[in-house]
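Enquirer: Before I ask anything, here is the structure I am working with.
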Amino acid sequence: MTDLDTIVANAKAAFTQAAMPADLENAKALFLGKTGRITELMKGMGQLSVDEKKSRGAAINLSKQAIEAALNDRRLALADAELQMQLKAEALDVSLPGVPHAQGGLHPVSLTLERIEAIFGSMGFDVAQGPEIETDWFNFTALNTPEDHPARSMHDTFYVEGGTEAAPNLLRTHTSPMQIRHAVQHVKKHRALIDAGGTMPEIRVIAPGRTYRVDSDATHSPMFHQCEGLWIGENVSFKDLKFVFTDFCRAFFESDDLVLRFRPSFFPFTEPSAEIDIQFQTGPLAGKWLEVAGSGQVHPNVVRNMGLDPEKFIGFAFGMGPDRLTMLRYGVNDLRLFFDGDIRFLSQFQN
Ligand code: PHE
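Per the working numbering, the sequence shown starts with residue 16, numbered consecutively.
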């Protein structure tokens, strides 16, 4: 082996040993760099004769080319190995089953509200929504509730900022303010017709939503839901209320096996007033009277606050508790479960 063959063999061995591109560049410097073996040989040719220079130069050049070729091969091999490693690390197995996403669903009370809207919708009722922060006027005064009524006290009602001392703002304690808000809009829309002595289209509306009272135990939550109902016309009577509400309850509970009782009661905004109780004839709750709504014939003062003549317009209103209806429908005995946000409880209601 000539000295050149040895250098080439050493270079190839050094390149093969280099595991990383940086190692390879270091190895290259040993042979082709400024002080590398080949460069040193080139420099050493000064003393040679012209002929010797020719043959030695050509031989060194061949060796240099061989080293460069080996270097190039190794560079390509290392780059390829790196690419393979990267591909492997980033590999996707498209045949793996996906990670399933937890499926969301409606809250049980929302399911009840949808149900209420669908049933009353089928009976020709509109659905209205209104603010949860109310004025004292809509929540109490317009509903014929006197200044000294206990419901207006600080420990029953959440008063909030805004408004004036004479007309404070509060979190609505019931959905009844929607009776006034909706009726006023309706009357405004048909004012000209009413004034001309025409027949106003009846007000037939439900208003579901959140309501607030200072109250908290197994059957009361500071935030709860109500659904108001209002039907005003020239010829609407208590028997319509009985008919509509009976029909609603039977549709809601999918049972004809229940009876209703209208128990005399008092609300400032209805006269006469009645609590509505239902009784299942079969099933786990059979025989018990269960209170589901307050109701009554809309008080003449309230009809007047709607902008209508109580001598001409009459109707009824009711306010029911969708939370209570949800508890009865699913057999849940603690209202707070609905508002704790525990997914183990809530996920049981997905159908
Ligand atoms: N707003 C009453 C309550 O919260 C319920 C009700 C509504 C009663 C409409 C009569 C008419 O208790």
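Glycine residues also receive a C-beta, built at the ideal position from the N, C-alpha and C atoms.
The model shown is predicted, which means the values in this text are computed figures rather than measured ones.
Looking at C-alpha atoms only, which residue of A301, F284 and E326 is the closest neighbour of G367?
Expert: The requested residue 367 does not occur in the structure, where the chain is confined to residues 16 to 366.
Enquirer: Is H314 a contact residue of ligand 1, with contact defined as CB to any heavy atom under 7 Å?
Expert: Residue numbering aside, residue 314 sits at position 299 when the sequence shown is read from its first letter. No, the Cβ of H314 stays beyond 7 Å of every heavy atom of ligand 1.
Enquirer: Let me check one thing: in DSSP terms, what residues is E275 bridge-paired to?
Expert: Residue 275 sits at position 260 when you count from the first residue of the sequence shown. In the sequence on display, residue 275 carries Leu and not Glu. For L275, which the question treats as bridged, DSSP gives the partners I293.
Enquirer: Cβ of V313 within 8 Å of Cβ of I209?
Expert: By 1-based counting over the sequence shown, the position of residue 313 is 298. By 1-based counting over the sequence shown, the position of residue 209 is 194. No; because the gap between Cβ atoms is not below 8 Å, this pair is not in contact.
Enquirer: Consult DSSP for W246 and reduce its assignment to one of helix, strand or coil.
Expert: In the sequence shown, the residue the question calls residue 246 occupies position 231. Of the three classes helix, strand and coil, the one that applies to W246 here is strand, per DSSP.
Enquirer: Using only alpha-carbon positions, find the residue among G51, A92, D95 and D88 that is nearest to I75.
Expert: The residue labelled residue 75 in the question sits at position 60 within the sequence shown. It is G51 whose Cα lies nearest to the Cα of I75.
Enquirer: Please classify A117: is it buried, with 16 or more other beta-carbons within 10 angstroms of its beta-carbon, or exposed?
Expert: Taking the sequence shown and counting its residues from 1, the one referred to as residue 117 is at position 102. Answer is exposed; the Cβ neighbour count stays below 16.
Enquirer: Name the one or two DSSP bridge partners that S64 has.
Expert: The residue you call residue 64 lines up with position 49 of the sequence shown. BP columns for S64 are empty, so no partner.
Enquirer: Have a look at L56, F282 and L107 and flag the residue whose alpha-carbon is nearest the alpha-carbon of K3.
Expert: Lying outside 16 to 366, the shown extent of the chain, residue 3 is not represented and no answer is given.
Enquirer: For H189, verify whether its CB is less than 7 Å away from any heavy atom of ligand 1.
Expert: Stepping through the sequence shown from its first residue, residue 189 is reached at position 174. Yes, since a heavy atom of ligand 1 falls inside the 7 Å radius drawn around the Cβ of H189.
Enquirer: My understanding is that H240 touches P337, with C-beta atoms under 8 Å, so please give their C-beta distance in whole angstroms.
Expert: Here residue 240 refers to the residue found at position 225 when the sequence shown is read from its first residue. Here residue 337 refers to the residue found at position 322 when the sequence shown is read from its first residue. The Cβ separation is near 4 Å, so the contact holds.
Enquirer: Report the CB separation of V220 from A143 in whole angstroms; it is logged as a contact under 8 Å.
Expert: The sequence position of residue 220 within the sequence shown is 205, counting from 1. The sequence position of residue 143 within the sequence shown is 128, counting from 1. By a beta-carbon distance limit of 8 Å, V220 contacts A143. Their separation comes to about 5 Å.
Enquirer: Is it the case that the CB of T172 approaches a heavy atom of ligand 1 more closely than 7 Å?
Expert: In the sequence shown, counting from the first residue as 1, residue 172 sits at position 157. Incorrect: T172 has no Cβ contact closer than 7 Å to ligand 1.
Enquirer: Is the beta carbon of M321 sitting closer than 8 Å to the one on I195?
Expert: On the sequence shown, residue 321 is found 306 positions in, with the first residue counted as 1. On the sequence shown, residue 195 is found 180 positions in, with the first residue counted as 1. Yes; because the gap between Cβ atoms is below 8 Å, this pair is in contact.
Enquirer: Compute every distance between the C-beta of G145 and the non-hydrogen atoms of ligand 1, then say whether any falls below 7 Å.
Expert: For the purposes of this step, residue 145 is identified with residue 130 of the sequence shown, where counting begins at 1. It does not: the Cβ of G145 is nowhere closer than 7 Å to a heavy atom of ligand 1.
Enquirer: Could you check the C-alpha separation between K327 and E132 for me, to the nearest Å?
Expert: Start at 1 with the first residue of the sequence shown, and residue 327 comes out as number 312. Start at 1 with the first residue of the sequence shown, and residue 132 comes out as number 117. So the alpha carbons of these two residues sit roughly 29 Å apart.
Enquirer: According to DSSP, what are the bridge partners of P216?
Expert: Here the question's residue 216 lines up with position 201 in the sequence shown. Note: P216 sits in no beta bridge, so no partner.
Enquirer: Report the partner residues of Q312 according to the DSSP bridge assignment.
Expert: Position 297 of the sequence shown, counted from the start, is the residue given in the question as residue 312. In the DSSP assignment, the residues bridged to Q312 are F331.
Enquirer: At which residues does the alpha helix (DSSP H) containing V347 begin and terminate?
Expert: Looking up residue 347 in the sequence shown gives position 332. Run containing V347: none; DSSP gives neither H nor E here.
Enquirer: Using a 10 Å radius around the Cβ and a threshold of 16 neighbouring Cβ atoms, would you call V65 buried or exposed?
Expert: Numbered from its first residue, the sequence shown carries residue 65 at position 50. Exposed.
Enquirer: Nearest CA to the CA of E269: which residue from E180, L245, R278 and R344?
Expert: Reading the sequence shown from its first residue, position 254 is the one you call residue 269. E269 has its Cα closest to that of R344, out of E180, L245, R278 and R344.
Enquirer: Taking the Cβ atom as the reference point for each residue, do F277 and K257 lie within a distance shorter than 8 Å?
Expert: Residue 277 sits at position 262 when you count from the first residue of the sequence shown. Residue 257 sits at position 242 when you count from the first residue of the sequence shown. For F277 and K257, yes; Cβs fall inside 8 Å.
Enquirer: Report the residue ranges of all alpha helix (DSSP H) runs contained in full by the segment 248 to 272; include only those spanning at least 4 residues, in chain order.
Expert: 253 to 267
Enquirer: Going by DSSP in three states, N25 sits in which element: helix, strand or coil?
Expert: The sequence position of residue 25 within the sequence shown is 10, counting from 1. Residue state, collapsed to three classes: helix.
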